[in-house]
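One structure is given here, and the rest of the page talks about it.
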Amino acid sequence: MRTNIAIALTILLLVGLLVLMQPGEPPDGTDESQVVVVYCAHDASFARPIIDEFERRSGIRVEVRYDEEASKSLGLTRLLEAEKENPRCDVFWNNQTLGTMRLQALGTLQPYVSPNAERIGSRFKDPDGYWTGFAGRLRVWLLNTGHVSPANEETIRQILAGDSLRRVTIAKAQFGTTLSHYSVIAGLTSLRDLQTWHHDLIDRGIRVVRGNSMTRDLVAEGVCDLGFTDTDDAFGAIDSGHPVKMLPVRVGPDSQTICIPNSVAMIKHCPHPDAAKAFIDYLLRPETELRLAKSSSRQIPLGEVESESVPQEVRGLQDWAADAIDLSAAADVNSHVLEWLTSENIEK
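Set out below in structure tokens:
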């Protein structure tokens with residue numbers, strides 16, 4: 000009798016194990032259609048609350064991958080290039096645009112025209128829907144008003160025309176928005192002209208540092224008088240009460256600004272296309288741009304939003320962004336600029 004009971008229990012145990020091993024829902028009960036994999040180059044401190052809210056509202060779980068500060072956009076772009084034939088990612092939320100445009104040229108993206116992309120201006124999105132820009136930053140000059148007077152564009156021109164640039168600072172151009180800045184210059188002129196401009200800065204002693212936040216700190220603390228940075232970093236110095244002022248970097252014969260949007264794109268042959276579309280739709284809502292505009296980074300809304308909801312200090316940035324140069328020419332030369340920069344030490 001005991002033997003029969005033992006045999007019966009063994010059979011039940013085996014049947015149970017077989018049931019558990021059958022294909023179907025994952026062991027945790029998660030519906031795989033309710034998952035989206037996002038590679039995110041935007042700062043986690045700002046991106047995470049938006050992603051968390053999407054999860055709560057949609058019921059879709061987000062598996063998000065961030066990357067390290069200095070090269071995060073470039074690192075994730077290269078990862079997506081490497082995964083092209085076997086994509087793991089569904090959505091790329093880039094904190095810039097040129098890398099996303101490079102992925103488009105490589106055939107890594109697939110088009111998706113979100114209904115929420117309609118409110119975004121044509122200069123900030125791909126006409127075929129391969130990517131959409133939103134929430135931009137501007138390249139700016141940050142001036143220490145205790146050292147630079149008057150703090151205006153004419154004074155900047157005089158400083159740049161001087162024999163020494165030892166009190167001027169710029170971030171290394173292999174990464175971040177300085178790479179976009181360099182690509183814009185090459186797109187306006189040529190790679191050779193960019194190299195000449197760059198080496199002239201180096202020869203006159205410009206101080207090259209690791210990132211935009213370091214250029215901000217050097218200017219804010221009075222170590223340097225003037226530096227290239229972005230609006231989000233500039234606001235960090237302003238909010239801390241440092242004696243600084245920012246002015247837009249202007250380029251080309253039409254004195255246009257350099258606006259660098261976030262961009263969002265769907266990966267070709269991604270594992271979860273429906274969830275990817277839902278995430279992109281959510282990210283491109285006007286509420287997302289307003290949330291980022293009200294954050295400490297003061298990202299600039301690039302689509303139609305309630306104007307009275309935009310912080311006063313961001314409204315002026317919207318006027319500067321309206322003068323932004325088209326990034327298409329910069330995208331065409333971006334890979335050549337990066338190839339040159341990685342072939343030599345940026346400080347030489």
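Per numbering that gives the first Met the number 0, numbering of the sequence shown is gapless, rising by one per residue and ending at 347. We put the CB at the ideal spot given by N, CA and C, even for glycine.
Under 8 Å between C-beta atoms of residue i and residue j
i      : j      : result
Thr214 : Ala170 : yes
His271 : Asp51  : no
Glu80  : Leu105 : yes
Arg203 : Asp253 : no
Trp130 : Gln109 : no
Asn211 : Thr195 : no
Gly101 : Ala330 : Here residue 101 is Arg; the residue named in the question, Gly, does not match the sequence. Taking 8 Å as the Cβ cut-off, Arg101 and Ala330 qualify as a contacting pair.
Ile266 : Pro86  : yes
Gln173 : Leu340 : yes
Ser262 : Thr96  : yes
Pro260 : Leu301 : yes
Gly226 : Thr168 : yes
Lys348 : Ala134 : This structure cannot speak to residue 348, because the chain is shown only from 0 to 347.
Inter-residue Cα distance where the pair is residue i and residue j
i      : j      : result
Pro114 : Asp280 : 7 Å
Val112 : Ala264 : 10 Å
His335 : Glu307 : 42 Å
Leu190 : Ile59  : 45 Å
Glu348 : Glu305 : There is no way to answer for residue 348, as the model of the chain reaches only from 0 to 347.
Val218 : Leu141 : 7 Å
Gly23  : Val34  : Only weak support is given to the placement of Gly23: the predicted model assigns it a pLDDT of 33, under 50, and the value that follows is read from those uncertain coordinates. Their Cα atoms are separated by approximately 15 Å.
Lys124 : Leu337 : 23 Å
Thr177 : Val313 : 22 Å
Pro25  : Val63  : Model confidence at Pro25 stands at a pLDDT of 41, short of 50, so the residue's coordinates are unreliable; what they give is reported in the following sentence. Spanning the two alpha carbons is a distance of roughly 19 Å.
Cys39  : Tyr65  : 5 Å
His41  : Asn93  : 6 Å
Glu68  : Leu75  : A caution first: Glu68 carries a pLDDT of 49, below 50, which makes its placement in the model unreliable, though a value can still be read off. Those two C-alpha atoms are separated by around 11 Å.
Leu282 : Ala323 : 22 Å
Ile237 : Ser296 : 11 Å
Ala333 : Gly128 : The amino acid occupying residue 333 in the given sequence is Asn; Ala does not appear at that position. Near 21 Å, if we compare the C-alpha coordinates of Gly128 and Asn333.
Arg122 : Asp318 : 15 Å
Pro285 : Ala277 : 15 Å
Ile158 : Ile201 : 15 Å
Ala292 : Phe45  : 11 Å
Buried/exposed call for residue i, threshold 16 Cβ in 10 Å
i      : result
Ala275 : buried
Pro48  : exposed
Arg136 : buried
Asp224 : buried
Pro310 : exposed
Ala160 : exposed
Asp216 : buried
Pro247 : buried
Arg156 : exposed
Ser179 : buried
His197 : buried
Gly186 : buried
Ala116 : buried
Ala321 : exposed
Gly98  : buried
Arg166 : buried
Ser342 : exposed
Residue from the options with nearest C-alpha to residue i
i      : options                           : result
Gly145 : Gly221, Leu137 and Trp130         : Gly221
Ile299 : Val63, Phe234, Arg165 and Asp192  : Phe234
Glu303 : Asp216, Arg118 and Pro149         : Arg118
Val250 : Arg297, Tyr181, Gln311 and Gln103 : Tyr181
Val183 : Pro285, Cys258 and Asp318         : Cys258
Gly175 : Arg209, Arg165 and Val147         : Arg209
Val139 : Ala277, Ala292, Val37 and Gln255  : Gln255
Val349 : Glu343, Ala292, Leu291 and Cys269 : Here the chain covers residues 0 to 347 and nothing more, so residue 349 does not appear.
Beta-bridge pairing of residue i - partner residues as DSSP gives them
i      : result
Thr176 : Paired residue(s): none; Thr176 is not in a bridge.
Asn85  : Its beta-bridge partners do not exist; DSSP assigns none.
Ile259 : Arg136
Phe91  : Tyr38 and Ala264
Ile207 : Checking the sequence shown, residue 207 turns out to be Val, not Ile. DSSP lists Ile169 as partners of Val207.
Closer than 7 Å: residue i CB and nearest the ligand ATP heavy atom
i      : result
Arg206 : The ligand ATP is not part of this structure, which contains no ligands at all.
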